[in-house]
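Enquirer: Per mature numbering (1 follows the signal peptide of the UniProt record, and there is no 0): the sequence shown = residues -23 to -1, 1 to 163. Note that the Cβ used here is the ideal one computed from N, Cα and C, for glycine as well.
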Amino acid sequence: MKKLIYAMAMLLALTVAPITAGAAGSTSNPDWQYPEIENFGRIQPLPDAVNQPALDQTHKAAFSVTRKAKDRGQPNPDLERVARAVNLFASAGVPQAKRDFVAVIYGPATPSVLNDAQYNKRFGQKNPNRELIAALRNAGVKVHVCGQALAGHGFDQAWVDPNVDIALSALSDLVIYGNRGYALIP
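Below is the structure:
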């Protein structure tokens, strides 16, 4: 009986050991990097991955930014995703001149574009998206907000962060960019 229990314990140990070893390896902190936009859009460089962006081609993408942050003190997750795209392409060696990205903000994400005074009135704090929006603009990303969404939220155009351009609408913006050959990123 003792041999059977010992054998079962060994079998269990041999079965569980690889699982826990794999779990321990998966929780290790990778070396997150921010090649162009610091503090936002962290990436793990993968120079040997398939489908590396061509360095001599212009990469055009229109990002749909619709989600709000779960915590109003945190940056918008969709804007973080745009920063991640910038950092991924920068990490792959694509120069800013070959990245033509636009972020189109609308729906629940619309308050992300408010200046600090207006954001503070609504949420009791400075807008955590302003630094990220400025960093995106500095990286060559066009940042647009839907004018119809501004009106729908009751926001005056004068309340919009100066790094954000007001579009006629997200609907028209996304159609126009799609017609210009941009990949539409939902």
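In its own chain, which residues sit with a C-beta less than 7 Å from the C-beta of N140, not counting the 5 before and 5 after it?
Expert: I110, A111, R114, V120
Enquirer: Does the separation of the CB atoms of K75 and L23 fall below 9 Å?
Expert: no
Enquirer: Name the two residues that bound the continuous alpha helix (DSSP H) containing F66.
Expert: 54 to 68
Enquirer: Would you kindly check if the distance between the Cβ of E108 and the Cβ of N64 is under 9 Å?
Expert: no
Enquirer: Taking only the alpha-carbon atoms, compute the straight-line gap between A126 and G84 and give it to the nearest angstrom.
Expert: 6 Å
Enquirer: DSSP three-state call for R114: helix, strand or coil?
Expert: helix
Enquirer: Is there contact here, the region 86 to 99 with the region 43 to 51, by at least three beta-carbon pairs under 8 Å?
Expert: yes
Enquirer: What is the rounded straight-line gap between the Cα of G70 and the Cα of P7?
Expert: 21 Å
Enquirer: From this set, V152, H36, P52, D150, which residue's C-alpha is nearest K103's C-alpha?
Expert: P52
Enquirer: Below 8 Å on the Cβ atoms is my guess for V90 versus V122; work out the distance and round it to an integer in Å.
Expert: 5 Å
Enquirer: If you scan the region 76 to 104 from start to end, which runs of the alpha helix (DSSP H) of 4 or more residues do you find wholly inside it?
Expert: Runs found: 93 to 100.
Enquirer: Quick one: is residue 197 buried, meaning 16 or more other Cβ sit within 10 Å of its Cβ, or exposed?
Expert: Here the chain covers residues -23 to 163 and nothing more, so residue 197 does not appear.
Enquirer: Across which residues does DSSP place H130 in a beta bridge pair?
Expert: Bridge partners of H130: none, in fact.
Enquirer: Are the CB atoms of A80 and F17 within a distance shorter than 9 Å?
Expert: The Cβ-Cβ distance between F17 and A80 does not fall below 9 Å.
Enquirer: What residues are listed by DSSP as bridge partners for D142?
Expert: H121
Enquirer: Just reading off the alpha helix (DSSP H) that V152 is part of, what are its end residues?
Expert: 147 to 156
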